[in-house]
Amino acid sequence: MAKSLTQEFVKGLWDEVPPFRLVLGLCPVLAVTKSVENGIGMGVATTFVLVGSNVLVSVLRKLIPSKVRIACFIVIIATFVTVVELVMQAFAYPLFLKLGIFIPLIVVNCIVLGRAEAFASKNGVFRSLLDALGIGVGFTLSLMALAAVRELLGTGMLTIWVTPIQIFGPSFQPFSFMVEAPGAFMALGLMLCLMNLVGKK
Amino acid sequence: MREMIKMVVVLTILSFFSGGVLAYLRNSTQERIDNQVLEFVKGPAVRTIFEGAGNNPIADRFTIEDGEVERTFFVGVFDGEPRGIAFETSGKGYGGDVGLMVGINVKDNNMMGAGVTTHAETPGMGAKAKSDPSFISQFKDLGLEEPFKVTADGGSINAISGATITSRAVSAAATDAIEIYQKLKPQIDEKLMSFKK
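Protein sequences appear in the order of chains A and B. Just so we're aligned: 66 in this note's numbering is position 66 of the first sequence, and the numbers increase by one with no gaps anywhere. Going from the second sequence to this note's numbering is simple: count from 1 and add 1000.
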């Protein structure tokens, strides 16, 4: 059954939101969500790559021979990732220092390749664009939500852009393990649980 | 057979375009990226060393070929006179190379200061070389005659407790810097002339 164009976009925000519903691309999700700022940066970078690669794959879908399609997709994705990397180095170097290796690793993020393979190679350009935007925005929002929980509990502060904002008063004892790796798993697990509870019919 | 050729052609064309786009982008962002790296990685150390300088030490810099490596020197101008230079060397630390920005007062021939730029030392131990100024400030105003050594090796630098290897790495990097400075002094003096105001 064909979906309407709006549904194509909206599905990425809830029904197929990558880290929580599809449980894909967890490596950056766990690693960079130490602060909201990092989450936004990673989300925007991934969204850009997703939109670029989805549109280009969709445009070229008739030309790419099916036997080498994965290789072609990876070339396209890697190009966009390198573009993001260079632009981020040139214009947001401190953010690049924080995200570090996770920017080049977008190449192997299975959300990006997954959308190219499962959606863009079978659908038109406009639909692929909407699909990429939906998934990208959903990914960014989930990173922000997870990062907000972790940063708030772990440090008592929220960093939306560059300067941290103190949310809890000085008497708050931060759970500093929330900003360490185990806290990422805990927060993700609780988030999944919450989303399943809400989505239960 | 035809399919085979198509595969090769498509992949070649795709890679060709990808390479072209990236090469163009790299060329056009190279200068900006270099400046950003200087500003955010080396900038903080250079600015601390040249505190109170009348110029922007990140912008006033020159390079000298030293054998196969090209070294970048930052210039600190005090009272209209280019009195300080700073450049980076490195020493072997516990977690890899420790980069050290070393500032030398060319007029008095002594250390102007030093600052750790990049490192992968243990947080709370070796990482104090960067975060705790009390260790690195020991290098300030020392003479250049003797190599720097930690007290355990018979020198005068008090090592960070629990991080002797890091302290040795920093001392070795500073000692290296002096050797390089003495080797390149004629060229440095020549280049510094142009920064006189």
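We put the beta carbon where it would ideally sit given N, CA and C, even for glycine. It should be emphasised that the depicted structure is a prediction, and the values quoted were computed from it without experimental measurement.
- Give the residues of chain C in contact with Pro65 (chain A), contact being defined as C-beta atoms less than 8 Å apart. Absent from the structure: chain C. Protein chains present are A and B.
- Task: Note down, in chain order, all residues in the stretch 91–107 of chain A with a beta-carbon under 8 Å from any beta-carbon belonging to chain B.
- Result: Phe91, Tyr93, Pro94, Leu97
- Message: Using a Cβ-Cβ cutoff of less than 7 Å, which residues in the same chain neighbour Met1 (chain A) once the five nearest sequence positions on both sides are dropped?
- Response: Reliability fails at Met1 (chain A), whose pLDDT of 45 lies under 50, so the model's placement of it is uncertain and no value is given.
- Any beta-carbon of chain A closer than 8 Å to the one on Leu1038 (chain B)? no
- Alpha-carbon spacing of Gly12 (chain A) relative to Gly134 (chain A), whole angstroms: The alpha-carbon of Gly12 (chain A) is positioned some 4 Å away from that of Gly134 (chain A).
- Query: Are Val55 (chain A) and Leu5 (chain A) close, meaning C-beta to C-beta below 8 Å?
  - Reply: No, they are not a contact pair.
- Item | Under 7 Å by beta carbon: chain B residues contacting Ala71 (chain A) | Near Ala71 (chain A) (Cβ distances below 7 Å), the residues of chain B are Leu1011.
- Query: If you drop the 5 nearest sequence neighbours on each side, which residues of the same chain put their C-beta closer than 7 Å to that of Leu24 (chain A)?
  - Reply: Pro18, Cys110, Ile111, Gly114
- State yes or no: is the C-beta of Ala120 (chain A) within less than 8 Å of the C-beta of Val57 (chain A)? yes
- Query: Thr79 (chain A) touches chain B at which residues, Cβ-Cβ below 7 Å?
  - Reply: Ser1018, Val1021, Leu1022
- Would you mind telling me which residues of chain A sit closer than 9 Å to Ala1025 (chain B), beta carbon to beta carbon, in chain order? For the record, residue 1025 (chain B) in the displayed sequence is Leu; it is not Ala. Per Cβ cutoff of 9 Å: Thr82, Val83, Leu86, Val87.
- Query: In the structure shown, what three-state DSSP assignment does Leu153 (chain A) receive?
  - Reply: Assignment of Leu153 (chain A) by DSSP, reduced to helix, strand and coil, places it in the helix class.
- Task: Answer yes or no: does any C-beta atom of chain A fall closer than 8 Å to that of Ile1033 (chain B)?
- Result: At a cut-off of 8 Å between C-beta atoms, Ile1033 (chain B) counts as an interface residue with respect to chain A.
- Short CB-CB distance (under 8 Å) between Thr1203 (chain B) and chain A: An answer regarding residue 1203 (chain B) cannot be provided, because it is not within the stretch 1001 to 1197 covered by chain B.
- Can you tell me whether DSSP reads Gly169 (chain A) as helix, strand or coil? coil
- Can Met1101 (chain B) and Gly1115 (chain B) be called in contact, C-beta distance under 8 Å? The beta carbons of Met1101 (chain B) and Gly1115 (chain B) sit closer together than 8 Å.
- Query: Is it buried or exposed for Val198 (chain A), if we count other Cβ within 10 angstroms and need 16 for buried?
  - Reply: exposed
- Item | Nearest-angstrom Cβ-Cβ length linking Phe1195 (chain B) and Asp1060 (chain B), presumed shorter than 8 Å | 6 Å
- Message: Using only CA atoms, which one of B:Ser1134, B:Val1106, B:Asn1110, B:Val1046 lies nearest to Gly1099 (chain B)?
- Response: Nearest of B:Ser1134, B:Val1106, B:Asn1110, B:Val1046 to Gly1099 (chain B), Cα basis: B:Val1046.
- Item | Contact list for Ser1015 (chain B) against chain A, beta-carbon separation under 8 Å | Val75
- Query: If you check the beta carbons only, do Arg150 (chain A) and Lys34 (chain A) fall under 8 Å apart?
  - Reply: With respect to Lys34 (chain A), Arg150 (chain A) sits close: the two C-beta atoms are nearer than 8 Å.
- Going by CA-CA distance only, name the one from A:Gly169, A:Phe175, A:Leu152, A:Phe80 that's closest to Leu1014 (chain B). Nearest C-alpha to Leu1014 (chain B): A:Phe80.
- Message: Quick check on Asp1066 (chain B): buried or exposed, where buried means 16 or more other Cβ atoms within 10 Å of its Cβ?
- Response: exposed
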